[in-house]
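Colleague:
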Amino acid sequence: MSFKTILTVTEPGMSDADLELVAGLCEQVSAHLAVLVVALAAPPPVGEFAAIVSEDWLKERQADEKLLKKRTAVVSAFLAGRALSADTVSAYPEAGWADETIGRRARYADITIVGPEALAGETLKSKVVEGALFSSGKPLLLIPKGSRPTLKPKCVMVAWDTRLESSRAVRESLDMLIGADEVHLALVDPVEGATHHGEEPGADAAAYLARHGVKVTVDRLPSANHSIADVLRQHAVDFGAELLVMGAYGHSRLRERIFGGVTKSMLENQSVPVLMAR
C-alpha cells in the first residue's frame with residue numbers, strides 16, 4: 012500500500028533528529044506527518060505509604076506535564092517551519108498502558124517509523140514497537156543509526172517463512188517491492204512439503220510477487236549453525252539491501268522474551284532499515 016500518513020513518536024528530552032529524518036521521508040512520498048509526543052507517567056502510589064509519597068508523586072506529575080507541554084511546543088514549531096502537511100498531539104499515559112495509547116494513535120496512520128534516537132531509548136522503543144505491532148494493525152519501520160533510509164528503495168530483501176506475519180509484511184510493503192529494481196526473497200533452511208514451503212520452496216511466493224510486477228529472486232540460505240537473524244542480516248549486507256521486510260512475532264511475546272527469536276534479535280540489532288508487520 013502507499014503511505015499517505017506516517018506516524019512517529021517523540022518524548023521530552025529527545026532532539027529533533029528523528030523528526031528531521033521522518034519529515035524527509037514524508038516529503039519523499041508526499042505523506043502527512045503525524046507526531047505523537049508522549050511522557051510516561053509513574054503509577055499512583057498505593058498501600059500504607061501512599062499518603063506520605065502522594066505529594067512527591069503530584070510534584071513529579073506536574074514536572075512531567077510541564078516538560079511534555081514544552082516538547083509539544085518545540086515539535087509544533089519545528090513542523091511549522093517546513094512545507095509539510097503535519098499535526099501534533101500529546102499524551103501522558105501511565106507506563107503500563109503507553110503501548111495501547113501509541114497503538115490507538117497508530118491506527119490512523121499507514122505506518123509508524125522509529126528513528127535512531129528513539130531506538131536508543133529502551134523504554135520508549137519497546138512501547139512504540141509493541142503498540143504499533145500489537146495494537147494498530149499497521150506496519151512498523153525501524154531505522155538504525157548510520158543507515159540511509161528511503162521509502163523508495165531500489166534493493167529490498169524479504170525474509171520469507173510462509174507464516175501469516177510474513178504474508179502481511181509483504182502485502183504492507185507491496186508498493187515498495189513493485190517499485191524496486193531488485194527484490195530478494197530469502198528463505199533460511201526451508202522445509203519442503205505442503206504444510207511448509209511447498210515442493211519448491213519460495214516458488215509460490217515468488218509467483219505471487221511476479222504477478223504484481225516485482226522483480227524477484229529466490230535465495231535459499233543455509234543457517235550453517237548460525238542464528239536465522241544473523242543469516243538474514245549478513246545476506247542483506249552482502250547484496251546491499253536498502254530495506255529488510257519481515258513478519259514480526261511469529262511466536263508469542265512472552266516466548267520471544269524468554270527464549271529469544273528472530274524478532275527479538277532484529278529489534279536489538281539492525282544492520283539496515285527493517286519493516287515489520289504481524
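Residue numbers (our numbering): 12 to 289. Note that the Cβ used here is the ideal one computed from N, Cα and C, for glycine as well. Given the structure is predicted, the values throughout are model-derived calculations rather than measurements.
What are the start and end residues of the beta strand (DSSP E) that includes Ala-197?
Modeller: Counting from one through the sequence shown, the residue named residue 197 turns up at place 186. Residues 193-199.
Colleague: Using only the alpha-carbon positions, how far apart do Pro-284 and Gly-148 sit?
Modeller: Translated into positions along the sequence shown, residue 284 becomes position 273. Translated into positions along the sequence shown, residue 148 becomes position 137. In a straight line, the C-alpha of Pro-284 is about 20 Å away from that of Gly-148.
Colleague: Among Leu-196, Ala-197, His-195, Gly-213, which has the Cα closest to the Cα of Glu-203?
Modeller: Counting from 1 along the sequence shown, the entry for residue 203 is found at position 192. Taking only the C-alpha atoms, the option nearest Glu-203 is Gly-213.
Colleague: Anyone know if the C-beta pair for Ala-259 and Glu-128 falls short of 8 Å?
Modeller: Counted from its first residue, the sequence shown places residue 259 at position 248. Counted from its first residue, the sequence shown places residue 128 at position 117. Contact flag unset, no.
Colleague: Taking a contact to mean a Cβ-Cβ separation below 8 Å, would you say Ala-170 touches Pro-150 in this structure?
Modeller: Translated into the one-based positions of the sequence shown, residue 170 becomes position 159. Translated into the one-based positions of the sequence shown, residue 150 becomes position 139. The answer is no: Cβ separation not under 8 Å.
Colleague: Quick one: which unbroken alpha helix (DSSP H) runs of 4-plus residues sit fully inside the stretch 238-263? Chain order, please.
Modeller: The stretch 238-263 contains these whole alpha helix (DSSP H) runs: 239-249.
Colleague: In the structure shown, what three-state DSSP assignment does Ser-101 receive?
Modeller: By one-based count along the sequence shown, residue 101 stands at place 90. Strand.
Colleague: Based on Cα-Cα distance, which residue from Val-194, Leu-243, Val-48, Lys-138 lies nearest to Ala-217?
Modeller: Here the question's residue 217 lines up with position 206 in the sequence shown. Cα-wise, what sits closest to Ala-217 is Val-194.
Colleague: Could you check whether Ala-50 and Tyr-119 sit closer than 8 Å to each other, using their CB atoms as the reference points?
Modeller: As a first step, residue 119 must be located in the sequence shown, where it is residue number 108. As a first step, residue 50 must be located in the sequence shown, where it is residue number 39. Cβ distance not < 8 Å, so Tyr-119 and Ala-50 don't count as in contact.
Colleague: Helix, strand or coil: which one does DSSP assign to Val-273?
Modeller: Position 262 of the sequence shown holds residue 273. Reduced to three states, the DSSP call for Val-273 is helix.
Colleague: Going by DSSP, what residue range makes up the alpha helix (DSSP H) through Asp-215?
Modeller: By one-based count along the sequence shown, residue 215 stands at place 204. 214-222 is the span of the alpha helix (DSSP H), which, as asked, contains Asp-215.
Colleague: If I'm right that Val-48 touches Thr-99 with Cβ under 8 Å, what's the distance once you round it to whole angstroms?
Modeller: Within the sequence shown, numbered from 1, the residue matching residue 48 stands at position 37. Within the sequence shown, numbered from 1, the residue matching residue 99 stands at position 88. Indeed they touch by this definition, with Cβ atoms about 6 Å apart.
Colleague: For Thr-19, which residues does DSSP report across the bridge?
Modeller: Numbered from 1 along the sequence shown, position 8 holds the residue referred to as residue 19. Thr-19 pairs with Val-46, Ile-124.
Colleague: Scan the stretch 122-188 and note each continuous alpha helix (DSSP H) run of 4 residues or more that stays entirely inside, going in chain order.
Modeller: Qualifying alpha helix (DSSP H) stretches, in chain order: 127-131, 133-146, 175-183.
Colleague: Where does Ala-288 land, buried or exposed, given buried means 16+ other C-beta within 10 angstroms?
Modeller: Reading the sequence shown from its first residue, position 277 is the one you call residue 288. With 16 or more other Cβ atoms within 10 Å, it is buried.
Colleague: Answer with buried or exposed for Pro-164, where buried requires no fewer than 16 other C-beta atoms within 10 angstroms of its C-beta.
Modeller: Within the sequence shown, residue 164 is the residue found at index 153, counting from 1. Buried, because 16 or more other Cβ atoms sit within 10 Å of the Cβ of Pro-164.
Colleague: Does Leu-9 come out as helix, strand or coil in the three-state DSSP assignment?
Modeller: Past the edges of the chain, shown from 12 to 289, lies residue 9, and the structure says nothing about it.
Colleague: Given Asp-230, which residues of its chain have a CB within under 6 Å of its CB, disregarding the five upstream and five downstream residues?
Modeller: Taking the first residue of the sequence shown as 1, we reach residue 230 at position 219. Excluding residues within five positions, the ones whose Cβ falls inside 6 Å are His-195, Ala-197.
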